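Asks:
Residue numbers (the numbering used here): 2 to 222.
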């Protein structure tokens with residue numbers, strides 16, 4: 002009985018877990034989506050419209066330097082990532098977030114992963130504003146999620162290079178991510194591919210930088 006308990010505890014401790022802040026992001030995204038859907042059912046579509054107007058990312062607001070209320074220019078960099086266009090959009094992003102966060106948390110830890118998420122969400126919006134100066138509203142966690150994917154690729158690439166490991170499988174993963182993004186853009190023209198690109202590039206740089214700062218220990222993978 003003692004041996005089984007110890008083995009079970011070992012499996013639990015070695016299994017990748019979701020940091021509390023990832024769980025908070027998921028709860029907040031799902032909660033906002035549920036509230037807007039409830040408002041629609043009750044006959045108040047104005048609630049969803051207001052959420053998108055005040056919380057979505059609008060490029061013209063950034064270039065104008067002012068928004069509807071004081072601080073609107075800065076707040077949209079945060080709020081747009083918690084809004085989604087529907088259940089399918091929400092489900093795709095949250096499932097992707099869980100899958101990426103479990104693996105990246107194991108490699109770089111919760112604090113540095115939180116930094117990657119925050120920085121790439123801002124970078125995604127900035128590139129969107131640069132490439133689509135009249136664009137908006139842009140909503141969704143996809144930019145930051147692509148940031149996590151980019152960080153995972155960057156970290157694995159640098160670590161693999163330092164250990165002189167073959168990177169063929171890694172680049173196949175990159176190719177799959179690129180093809181998926183292109184396919185989504187073609188199938189769903191409303192997808193903000195500029196934000197995906199901005200998040201992925203920023204995440205790639207951050208992941209590579211974080212890998213360079215760590216000693217190449219065999220236990221990292």
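The beta carbon of each residue, even a glycine, is placed where N, CA and C say it ideally should be.
As the structure is a prediction and not an experimental result, all values here were calculated from the model.
#1: Roughly how many angstroms lie between the CA atoms of residue 48 and residue 34, to the nearest whole one?
#2: Report the three-state DSSP secondary structure of residue 5 (helix, strand or coil).
#3: Pairing CB atoms from the segment 50 to 59 with CB atoms from the segment 68 to 81, are three or more of them under 8 Å?
#4: Can you tell me whether residue 223 is buried or exposed, with buried defined as 16 or more other CB within 10 angstroms of its CB?
#5: Grouping DSSP H, G and I as helix and E and B as strand, with all else coil, what is residue 70?
#6: Taking only the alpha-carbon atoms, compute the straight-line gap between residue 19 and residue 149 and give it to the nearest angstrom.
#7: Please identify the residue among 66, 92, 106, 212 whose C-alpha is closest to the C-alpha of residue 158.
#8: Output the distance between the C-alpha atoms of residue 154 and residue 45, rounded to the nearest integer angstrom.
#9: Among the candidates 112, 203, 209, whose CA atom is the shortest distance from the CA of residue 120?
#10: When burial is assigned at 16 or more other CB atoms within 10 Å of the CB, is residue 152 buried or exposed?
Replies: Quick answer:
#1: In the chain shown, the residue the question calls residue 48 occupies position 47. In the chain shown, the residue the question calls residue 34 occupies position 33. Computed Cα separation, rounded: 11 Å.
#2: Start at 1 with the first residue of the chain shown, and residue 5 comes out as number 4. Reliability fails at residue 5, whose pLDDT of 47 lies under 50, so the model's placement of it is uncertain and no value is given.
#3: Short answer: they touch.
#4: There is no way to answer for residue 223, as the model of the chain reaches only from 2 to 222.
#5: Taking the chain shown and counting its residues from 1, the one referred to as residue 70 is at position 69. DSSP places residue 70 in coil when its eight states are reduced to three.
#6: Within the chain shown, residue 19 is the residue found at index 18, counting from 1. Within the chain shown, residue 149 is the residue found at index 148, counting from 1. The alpha-carbon atoms of residue 19 and residue 149 are separated by roughly 14 Å.
#7: The residue given as residue 158 occupies position 157 in the chain shown. Among 66, 92, 106, 212, the Cα nearest to that of residue 158 is on 212.
#8: If you number the chain shown from 1, residue 154 lands on position 153. If you number the chain shown from 1, residue 45 lands on position 44. Between residue 154 and residue 45, the alpha-carbon positions lie close to 43 Å from each other.
#9: Within the chain shown, the letter at position 119 stands for residue 120. Of the candidates 112, 203, 209, the one whose C-alpha sits nearest the C-alpha of residue 120 is 203.
#10: Indexing the chain shown from 1 puts residue 152 at position 151. Residue 152 comes out buried.
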